[in-house]
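Written below as structure tokens is the structure these notes are about.
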Amino acid sequence: MDVLDKLAILTDAAKYDVACTSSGVDRSGQPGKMGSAVASGICHSFAADGRCISLLKVLMTNQCVYDCKYCVNRVSRDTPRTAFTPNELADLTMNFYRRNYIEGLFLSSGVMKNPDYTTERMIQAIEILRNEHNFNGYIHVKAIPGADSALIQRMGLLADRMSVNIELPSESGLESLAPQKKPEAILRPMALIRSGIEENTSDLALYRHAPKFVPAGQSTQLIIGATPDSDHRILSLSEGLYNKYKLKRVFFSAYNPVVEDPLLPSVFSAPPLLREHRLYQADWLIRFYGFSAGEIVDAKSPNMNLAIDPKANWAIRHLDEFPVEINRASYDRLLRVPGIGVLSARKILQARRAGSLNFDGLKKLGVVLKRAKFFVTCQGKIFEGVVIQPDTVLRGLLSKNDLQMLPAAAGEQLSFTDVPDMARIMGGVPASAFGYLPEERTRVNAGQYEFGIHI
Amino acid sequence: MQDNTNLVYIYDGTLEGFLCCVYESYVHHEIPCEICMESGQLHIFEETQWITTDLEHAGKIYESIDRKISLEAQAFIKNAFLTCIPNREILMYNFIRQGYQFGRAVFDRLTDDTVGALTKAVRNLQREAHSFMGFVRFTIYDGILVSCISPKNMVLPLLSDHFTNRYPDETFLIYDRTHQMAVVHKPEGTLITAMSKLTLPPIDDAEKAYHTLWKCFQHTIAIEERFNPKCQMNHMPKRFWAEMTEFENG
Numbered sequence: 009m010d011v012l013d014k015l016a017i018l019t020d021a022a023k024y025d026v027a028c029t030s031s032g033v034d035r036s037g038q039p040g041k042m043g044s045a046v047a048s049g050i051c052h053s054f055a056a057d058g059r060c061i062s063l064l065k066v067l068m069t070n071q072c073v074y075d076c077k078y079c080v081n082r083v084s085r086d087t088p089r090t091a092f093t094p095n096e097l098a099d100l101t102m103n104f105y106r107r108n109y110i111e112g113l114f115l116s117s118g119v120m121k122n123p124d125y126t127t128e129r130m131i132q133a134i135e136i137l138r139n140e141h142n143f144n145g146y147i148h149v150k151a152i153p154g155a156d157s158a159l160i161q162r163m164g165l166l167a168d169r170m171s172v173n174i175e176l177p178s179e180s181g182l183e184s185l186a187p188q189k190k191p192e193a194i195l196r197p198m199a200l201i202r203s204g205i206e207e208n209t210s211d212l213a214l215y216r217h218a219p220k221f222v223p224a225g226q227s228t229q230l231i232i233g234a235t236p237d238s239d240h241r242i243l244s245l246s247e248g249l250y251n252k253y254k255l256k257r258v259f260f261s262a263y264n265p266v267v268e269d270p271l272l273p274s275v276f277s278a279p280p281l282l283r284e285h286r287l288y289q290a291d292w293l294i295r296f297y298g299f300s301a302g303e304i305v306d307a308k309s310p311n312m313n314l315a316i317d318p319k320a321n322w323a324i325r326h327l328d329e330f331p332v333e334i335n336r337a338s339y340d341r342l343l344r345v346p347g348i349g350v351l352s353a354r355k356i357l358q359a360r361r362a363g364s365l366n367f368d369g370l371k372k373l374g375v376v377l378k379r380a381k382f383f384v385t386c387q388g389k390i391f392e393g394v395v396i397q398p399d400t401v402l403r404g405l406l407s408k409n410d411l412q413m414l415p416a417a418a419g420e421q422l423s424f425t426d427v428p429d430m431a432r433i434m435g436g437v438p439a440s441a442f443g444y445l446p447e448e449r450t451r452v453n454a455g456q457y458e459f460g461i462h463i
Numbered sequence: 340m341q342d343n344t345n346l347v348y349i350y351d352g353t354l355e356g357f358l359c360c361v362y363e364s365y366v367h368h369e370i371p372c373e374i375c376m377e378s379g380q381l382h383i384f385e386e387t388q389w390i391t392t393d394l395e396h397a398g399k400i401y402e403s404i405d406r407k408i409s410l411e412a413q414a415f416i417k418n419a420f421l422t423c424i425p426n427r428e429i430l431m432y433n434f435i436r437q438g439y440q441f442g443r444a445v446f447d448r449l450t451d452d453t454v455g456a457l458t459k460a461v462r463n464l465q466r467e468a469h470s471f472m473g474f475v476r477f478t479i480y481d482g483i484l485v486s487c488i489s490p491k492n493m494v495l496p497l498l499s500d501h502f503t504n505r506y507p508d509e510t511f512l513i514y515d516r517t518h519q520m521a522v523v524h525k526p527e528g529t530l531i532t533a534m535s536k537l538t539l540p541p542i543d544d545a546e547k548a549y550h551t552l553w554k555c556f557q558h559t560i561a562i563e564e565r566f567n568p569k570c571q572m573n574h575m576p577k578r579f580w581a582e583m584t585e586f587e588n589g
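Chains as they are written, first to last, in the working numbering: chain A, 9 to 463; chain B, 340 to 589.
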């Protein structure tokens, strides 16, 4: 089998992994070496599904001894198997990098023989890259759950970012769908990487040239919609991961039904893309907007309202906290206003040093007045013609786009001329319409909720 | 200062030349209504004035931008000169005048038309340069990396810094069709120069093989069930596609 065939197979097998960012580390080029890294990350292309292509995302091999039900590479599936040799992979990476196709390598792998053997093969490939080809670009590598801690330590000194995929947001999910994976096996390397980074930070403070351990931090991925886990469960889990494991990112992947199994959504159901989108919005609110997971969803209403974005949803439920005065409000308060993002909040702080702001000025700064006008005053005045009533606010916030994103299956067709009433939107649309699991299955597993992954 | 509403300054199209326009305006106490490059275009209704580039005068203005506004403003003006905004020179001129008046606080005046427009233009330049850091595709001819681009802004100086840093030991050439300029880098040094035309030989088989490999990867990595060409085009507008390996014919 030549490299082209291998590339086709091992790319196809890797494509469901969502993380493909090359961010988090700034590293200047050096004479004698090839490459550099930019903290913001660089997208080199975009695939037909609209996702960024930044790294050469491939598997070392798609041979796997595990039989995780949701996975395209599970051992029981009939599919062509192959593996890169460490040299082939290093050559391919260098040649792509030299032509500016990619920002670096994203290396994952099926489990060949056992976790240790697999990890050693992966280390071999990136050692060739770093030491023989003097590659100085970005490397993201997956830690294989169950691998020896010494191997993970070695990997961490070669890579920029490491990740361990949790995949299923609850222990019950893991038990039924990936019986060979244990939560401890996932969380142990994660804890190892965290403490490695912490020790390294203190080493670096003492010795400037101490080798860097996973300088771009670690991330993980959760599959959305393969198990009946609620948004509340998913968001509290990711909040915990950010706080306790100091993760840089938690990625969400809408489950793409690849196999018919009584425990999984039917192969004919569409991936819950809108739910994934809302989860990312919520994730942004937690990471950049000072929200806590509990403010977005709680045990009483464990799932997000898919019809409206979580920030607008929060604002409508907390109308008593508005309006805020643009010329006096703190950065944190400004960030809570729908239509004002991180950039425009910063610009407001900057611009009001030069003089008082009015609505015209806000528009010039890039504030989305169509949304923000319900929640702010400028020099004590409310935007002309605006009535602040929950009903009118909601009407104003639902964009044509929002309505279009609601799948037709949501029951009655929602049209823009016939704006749905408050109660229906705020009450949410039947969850089954958005790729949640059918109710029965939810009930069967409901009892197991308590045994979530404890972090 | 006297506001001569129909005075046009003509300069040689260099940053130094532009800085001399600022210098002349202050020496002669006059405000031009337009500053343009020499182009042979006739200004029938306006009074035109040719400004000769004097490096000493330019240096005085350049230094005054740091002293009276800020170091950041110096870098900002350099970048503003690379943007493709219409009336670029007069906006820059007005920005410098405001800067002399308000000092470093000029950057806070985001709601002012001049400051707002110029800040936006510079951000647009930086964003385009960032896009090209990813979208530039090198094809290798005899060990030399060659790429052609058609940017709107003059992104070459920004790209030059990035790629020189990334490939210090390579020899590469990036040709900007829009502005007919090129950056040439060799391990010994880097040069940005005018270049009216670039003719390339056919590519060899080894190179073709990598084009095929890359197209295969770019195609395979997409998930069919999530097909979303609109999102793809939002992130990577079609104007970039013509010069990217993955979209070439075959």
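Using N, Cα and C, we set each Cβ at its ideal position, and we do this for glycine too. If you're wondering where the values come from, they're calculated on a predicted model, not measured in any experiment.
| Query | Result |
| --- | --- |
| Whole-angstrom distance between B:Gln571 and A:Ala431, CA atom to CA atom | The pLDDT assigned to A:Ala431 is 48, lower than 50, so where the model puts this residue is not dependable, and the model offers no usable value. |
| Residues from the segment 527-557 of chain B in contact with chain A, defined by Cβ distance under 7 Å | Tyr549, Thr551, Leu552, Trp553, Cys555, Phe556, Gln557 |
| First through last residue of the alpha helix (DSSP H) which encompasses A:Ile134 | 123-135 |
| Residues of its chain near A:Val375, where Cβ-Cβ distance is below 7 Å and the 5 sequence neighbours each way are ignored | Gly347, Ile348, Ser352 |
| Span of the beta strand (DSSP E) around B:Thr529 | 528-533 |
| Minimum Cβ-Cβ distance from B:Cys570 to chain A less than 7 Å | yes |
| Buried/exposed call for B:Tyr401, threshold 16 Cβ in 10 Å | buried |
| Cα-Cα separation, B:Glu563 to A:Asp156 | 37 Å |
| CB contact check: A:Ile334 to chain B, cutoff 7 Å | no |
| Start-to-end residues for the alpha helix (DSSP H) that takes in A:Leu281 | 281-296 |
| Minimum Cβ-Cβ distance from A:Ser44 to chain B less than 7 Å | yes |
| When A:Ser84, A:Glu206, A:Asp328 are compared against A:Lys252, the one with the closest alpha-carbon | A:Glu206 |
| Euclidean distance between Cα positions of B:Arg462 and B:Thr422 | 9 Å |
| CB contact below 7 Å: A:Asn208 versus chain B | no |
| Cut-off 7 Å between Cβ atoms - residues of its own chain near A:Ala439, not counting five sequence neighbours on either side | Below a pLDDT of 50, predicted positions are generally treated as unreliable, and A:Ala439, at 41, falls in that range; no measurement from the model is reported. |
| B:Gly473 at chain A interface by Cβ criterion, 7 Å | yes |
| When B:Glu582, B:His501, B:Thr510 are compared against B:Gly482, the one with the closest alpha-carbon | B:Thr510 |
| Where A:Ser36 meets chain B, residues with beta-carbon distance less than 8 Å | Asn504 |
| Cβ pair count under 8 Å reaching 3, the segment 162-182 of chain A against the segment 50-59 of chain A | no |
| Short Cβ contact (7 Å threshold) for B:Ala397 with B:Cys359 | yes |
| Which of helix, strand or coil DSSP assigns to B:Ser378 | coil |
| CB-CB length for B:Asp351 against B:Glu373, believed under 8 Å | So it is not a contact: roughly 16 Å between Cβ atoms. |
| Limits of the unbroken beta strand (DSSP E) element including A:Cys386 | 384-386 |
| Under the three-state DSSP convention, the category A:Leu113 falls into | strand |
| Member of B:Leu457, B:Thr450, B:His524, B:Ile531 whose CA lies at the smallest distance from the CA of A:Ile365 | Position check: residue 365 of chain A holds Leu in this sequence, whereas Ile was assumed. Here the closest residue by C-alpha is B:Thr450. |
| For A:Val275 and A:Glu268, believed in contact at Cβ under 8 Å, the rounded distance | 5 Å |
| Local Cβ density within 10 Å of A:Val8, reported as buried at 16 or more and exposed below that | Because chain A is modelled from 9 through 463, residue 8 of chain A falls outside the range shown and cannot be assessed. |
| Interface partners of A:Thr19 on chain B, CB under 7 Å | Phe556, Thr559, Ile560 |
| Cβ-based neighbour list, A:Asp75, same chain, cut-off 6 Å, excluding 5 preceding and 5 following | Arg82, Val83, Ser84 |
| Assumed close pair B:Ala468, B:Leu497 - CB separation to whole angstroms, cut-off 8 Å | 4 Å |
| Against chain A: residues of the segment 478-498 of chain B by CB proximity under 9 Å | Thr478, Ile479, Leu484, Ser486 |
| Expected contact under 8 Å - CB spacing of A:Arg107 and B:Phe477 to nearest Å | 5 Å |
| Sub-7 Å separation of B:Asn418 and B:Leu354 beta-carbons | no |
| A:Pro438 at chain B interface by Cβ criterion, 7 Å | For A:Pro438, the pLDDT reaches just 41, beneath the cut-off of 50, and the residue's location in the model is therefore unreliable, although a value from the coordinates is still provided. With 7 Å as the cut-off, A:Pro438 does not count as an interface residue toward chain B. |
| Validate contact between the segment 175-184 of chain A and the segment 139-156 of chain A using beta carbons, cut 8 Å, 3 pairs | no |
| Pick from A:Ile194, A:Lys378, A:His217, A:Arg216 that is closest to A:Leu230, judged by C-alpha positions | A:Ile194 |
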